[in-house]
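As you go down the protein sequences, you meet chains A and B in turn.
My numbering puts the first residue of the first sequence at 1, with every later residue one more than the last.
My numbering puts the first residue of the second sequence at 426, with every later residue one more than the last.
Don't be surprised by glycine CBs; every beta carbon is placed ideally from N, CA and C.
To keep things clear, I will list the structure first and then write my remarks on it.
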Amino acid sequence: MFKIYASIKKELLLLVNDRVGLALMFVMPLLLVFIITIIQDSVYKVVNENRIPLLVMNQDEGILGERLINVLTESGLFEIDSVAGKSEQVLKSELLARGKMIALYVPKSFSAGLESNAGDVSKILMKDLGLEYDSTESASVEIPALTFYNDPVLQENYTYSVMGVIQSYLSVIENSLMIDNMYAEMDLGARSESLKDKMIQNRVKINKVVATNNKSMAVPNSTQHNVPAWTIFAMFFMVVSLGSNIVKERVNGSFLRLKTMPTSFMLVMFSKMSVYVLVAILQVILTFSMGMWILPRLGLPELTLPTNLLAFGSVVFISSMAAVSYALMIGSIARTQEQANGFGAVSIIIFGAIGGILVPTFVMPSYMQLVSNFSPLHWCLEGFYILFLKGGSWQELKSVFLFLGIFILLCQLCTYFKLKIEKII
Amino acid sequence: MGSEIIQKMARQPGIEIQHVSQKYKSASENTLTDINLDIYNTDVFGLLGPNGAGKTTLISILCGIIPPSSGTIRFYNQGVPISDQERKSVIGFVPQEYAFYQELTPRQNLDYFGAMYNIAKAELINRREELLEVLGLSKAADKPVGTFSGGMKRRVNLAIGIIHKPGILFLDEPTVGVDVQSKNAIIRYLQLINKSGTTIIYTSHHMSEAEEFCNRIALIDHGKVIAQGGMKELKMGNDVADLQSLFIKLTGEEYRD
């Protein structure tokens, strides 16, 4: 027992003396979670939570331009900012100067054009129905065109989505106008309201449901992606500390010296693994605490822990073991500390990139999604996703445990055989 | 003279090396060929030879780091043969490299390696403080070893190898690259522990040091023992005045890589 205590104490002392390693393992994930969550949260908010900022210049001489703006405002989807001025050039300049993404120009003839078109439609309808109508030819006004400006950096699908929303509200005004015109031709006047209500309000609804496997209310947000993602990244970055620590012991003869002593090499490895699994658990506690208590104070989404805490603990443990096993393997293969640090760090960045840490895998091309299966970080993240975002069950976590289990086994076998070849074991 | 007689009378087998050969898979020739040596419990036994002669390989085999390709080695404790597992508790090993943790202090290093030798905590603390004192490391005992001079590091390396009071101590170039004072302190302490009953097997390139320190030597060249015996009888038998002349006479003057 004293041996285990002494061995673990030695590992802890080595760890405490490794300032760079400690900074990489504890400061880096906190900074990454903090910075990336803030950055990604603003992106999420543009799409999901915030109202869409829209600059509007209304030059309409009638009332329909104003009505369109009111309808858009009442929809709650837009944050409308009116621009005074006469020309579209002013609107364009304002768009770029104010850092807004989209702008809408309503032309002078907007009301006249819509009314003219609605009148023409109702006359055609009355005529076709054989009903009396005012056949006096009136000057027809061309159907107006709204101008939609967008910042060139805005994604095209986002632009089309916003245009679709405006088009939808425009249709409401056009339909309303046509109904009013037809009822007026038939001298039915104010009775058009019930028809308009029926046509506009009673439309097919689309219910939006977040697909989860239980009744968990957790929905994806920037915190729930970034906190586990960067914690995993930092866990695997222990390769810099643990990997170079092993290289040092191999190269300076400490391992060989231990071989001459009445002790088991398994004890050495067990101590290293225990200490670094503990480090990984501390990383999780630290970054997850930040997600739960500090990020919400900064106006960022709060991290909600999954309901299945045993599964959560298991995912944390197997992810830690994967990170530790990888570091042991790199430490046993590298010839110098520089090799262990350089290759270890670069390989983690690559694994992180293909594994969906930097960019989620669902936005990757299909072949890259296939490649991501070869990243252990992907499987760790998948485990956390199943827990946090889908309220996953043990059944779902099976594949995560299987792949990470195979990865751990391979790393441990590589370590064993490399140390065996070097006669250390 | 009287003490030499007493020593000879108390002499018992320490290590018997019989027909030991070693061939690495990657090498075309044997690194060691048919080594036969008898080392006694009272010996300070010098394994001497030019670079690449096979001294470190032989020490590695004796310490159990690598198994020999063929041959047998028997270890004795007070004249009684011991098992491989017992051997690990009996031997001490001081490698050529600084085989310890440079980030840790001498106290922390000694605590760790001492625990690996199964020394009880209280005993370990006493032994640790005794060694730090004897080897002149007390004042620096709580500073990281990485900040030490070469001589101090050598003394830490030695302290770790003898923390458990080994019956047999293997020293691979224990004084290489150290100042005269440190070398003197190391040799004096090694002589002291030899008198207290520790068998010492020692390799060195310092012929004058070996001549002063060892009572018996084996000269190894190209993996073979080319001479072995008591220091005096070897010098007399080869008609040379000192060990360096004996070494040059038997191994030649050609450069060795």
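Contact set between residue i and chain A, taken where Cβ atoms lie within less than 9 Å
i: Asn533/B; result: Strictly speaking, residue 533/B in this sequence is Gln, with Asn absent from that position. Simply Lys9, Lys10 and Leu13.
i: Asp536/B; result: Ala6, Lys9 and Lys10
Same chain only: Cβ atoms within 7 Å of residue i, ignoring 5 sequence neighbours per side
i: Ser485/B; result: Ile491
i: Gln283/A; result: Met25, Phe26, Pro29, Thr231, Ala234 and Met235
i: Gly383/A; result: Val315, Ser319, Leu397 and Val400
i: Ala322/A; result: Pro376, Cys380, Leu404, Phe407 and Ile408
i: Ser122/A; result: Met178, Asn181, Met182 and Glu185
i: Val141/A; result: Ser109, Ala112, Gly113 and Ser116
i: Gly356/A; result: Ser372, His378 and Leu381
i: Ile36/A; result: Asn226 and Trp230
Neighbouring residues, chain B, relative to residue i (Cβ below 8 Å)
i: Asn17/A; result: Glu528, Leu529 and Pro569
i: Lys423/A; result: Ile490 and Ile491
Distance CB(residue i)-CB(residue j) smaller than 8 Å
i: Trp230/A; j: Val359/A; result: no
i: Gly586/B; j: Phe518/B; result: yes
i: Lys418/A; j: Gln337/A; result: no
i: Tyr149/A; j: Leu91/A; result: yes
i: Phe595/B; j: Ile626/B; result: yes
i: Val106/A; j: Asn58/A; result: yes
i: Ala635/B; j: Leu659/B; result: no
i: Cys488/B; j: Ile516/B; result: yes
i: Leu95/A; j: Leu55/A; result: yes
i: Val239/A; j: Ala327/A; result: yes
i: Asn226/A; j: Gln89/A; result: no
i: Leu457/B; j: Ser446/B; result: yes
i: Ala540/B; j: His647/B; result: no
i: Leu529/B; j: Pro569/B; result: yes
i: Gln653/B; j: Ala666/B; result: no
i: Gly342/A; j: Asn245/A; result: no
i: Thr260/A; j: Lys513/B; result: yes
i: Pro531/B; j: Ala452/B; result: no
i: Ala565/B; j: Ser254/A; result: no
i: Phe317/A; j: Ile425/A; result: no
i: Leu170/A; j: Leu104/A; result: no
Listed by chain order, chain B residues near residue i by CB distance under 9 Å
i: Leu256/A; result: Ser485, Cys488, Ile490, Phe518, Pro520, Glu522 and Ala524
Neighbouring residues, chain B, relative to residue i (Cβ below 7 Å)
i: Gly253/A; result: Pro520, Glu522 and Ala524
i: Thr260/A; result: Cys488, Gly489, Ile490, Lys513, Ile516 and Phe518
Where residue i meets chain A, residues with beta-carbon distance less than 8 Å
i: Lys387/B; result: Lying outside 426 to 682, the shown extent of chain B, residue 387/B is not represented and no answer is given.
i: Lys546/B; result: Phe2
Contacts around residue i, its chain only, beta-carbon distance under 6 Å, and the 5 residues preceding and following it disregarded
i: Ser176/A; result: Lys196
i: Asn466/B; result: Gln437, Gly439 and Thr624
i: Gly655/B; result: Arg641
i: Ser7/A; result: Leu267 and Ser271
i: Lys422/B; result: The question about residue 422/B has no answer here: the residues shown for chain B are numbered 426 through 682.
i: Thr287/A; result: Pro29, Val33, Val227 and Thr231
i: Gly592/B; result: Asn502 and Val515
i: Tyr542/B; result: His589
i: Asp81/A; result: Leu55
Chain A contact residues for residue i, given Cβ-Cβ distances below 7 Å
i: Tyr542/B; result: Met261 and Pro262
Residues of its chain near residue i, where Cβ-Cβ distance is below 8 Å and the 5 sequence neighbours each way are ignored
i: Met368/A; result: Ile354 and Thr361
i: Glu297/A; result: It should be noted that the sequence gives Arg, not Glu, for residue 297/A. Excluding residues within five positions, none has a Cβ falling inside 8 Å.
i: Ile692/B; result: Given a span of 426 to 682 for chain B in the structure shown, any question on residue 692/B remains unanswerable.
i: Asp134/A; result: Lys123 and Glu185
i: Ala218/A; result: For Ala218/A, the predicted model reports a pLDDT of 45, less than 50, meaning its position is unreliable; a value from the coordinates is still stated below. Thr212, Gln224, Thr304, Pro306, Phe388, Leu389 and Gly391, listed in sequence order.
i: Glu174/A; result: Leu114, Asn117 and Ala118
Contact residues within the region 262-293 of chain A, judged by C-beta distance below 7 Å to chain E: Absent from the structure: chain E. Protein chains present are A and B.
At a cut of 8 Å, does the region 618-636 of chain B reach the region 552-570 of chain B through at least three beta carbon pairs? With the cut-off at 8 Å, the region 618-636 of chain B and the region 552-570 of chain B do not touch.
Would you call the region 434-445 of chain B and the region 598-612 of chain B in contact, with 3 or more CB pairs under 8 Å? The count of Cβ pairs closer than 8 Å, one atom from the region 434-445 of chain B and one from the region 598-612 of chain B, stays below three, leaving the stretches out of contact.
Would you list, in sequence order, the uninterrupted beta strand (DSSP E) runs of no fewer than 3 residues that lie entirely inside the region 587-620 of chain B? Every unbroken stretch of the beta strand (DSSP E) spanning 3 or more residues and falling wholly within the region 587-620 of chain B is given here in chain order: 593-597.
Does the region 573-584 of chain B come close enough to the region 494-507 of chain B that 3 or more CB-CB pairs lie under 8 Å? Contact between the region 494-507 of chain B and the region 573-584 of chain B is absent, with fewer than three C-beta pairs closer than 8 Å.
Are three or more beta carbon pairs between the region 248-267 of chain A and the region 284-296 of chain A nearer than 8 Å? Look at the beta carbons and you see the region 248-267 of chain A not touching the region 284-296 of chain A: under three pairs across the two are nearer than 8 Å.
Every unbroken beta strand (DSSP E) inside the region 452-498 of chain B [3 residues or more]: Runs found: 457-465 and 469-473.
Using a Cβ distance threshold of 8 Å, determine whether the region 553-572 of chain B contacts the region 635-647 of chain B, with at least three qualifying pairs required. The region 553-572 of chain B and the region 635-647 of chain B do not touch, with fewer than 3 CB-CB distances between them shorter than 8 Å.
In chain order, which continuous runs of the alpha helix (DSSP H) of length 4 or greater are located wholly inside the region 509-592 of chain B? The region 509-592 of chain B contains, as complete alpha helix (DSSP H) runs of 4+ residues, the segments 509-515, 531-541, 546-559 and 575-587 (chain order).
Counting only runs of 4+ residues fully inside the region 260-334 of chain A, write out the alpha helix (DSSP H) ranges in chain order. The region 260-334 of chain A contains, as complete alpha helix (DSSP H) runs of 4+ residues, the segments 265-289 and 309-333 (chain order).
Entirely within the region 641-681 of chain B and at least 3 residues each: give me those beta strand (DSSP E) ranges in chain order. Taking only runs of at least 3 residues, the beta strand (DSSP E) segments lying wholly in the region 641-681 of chain B are 641-646 and 649-655.
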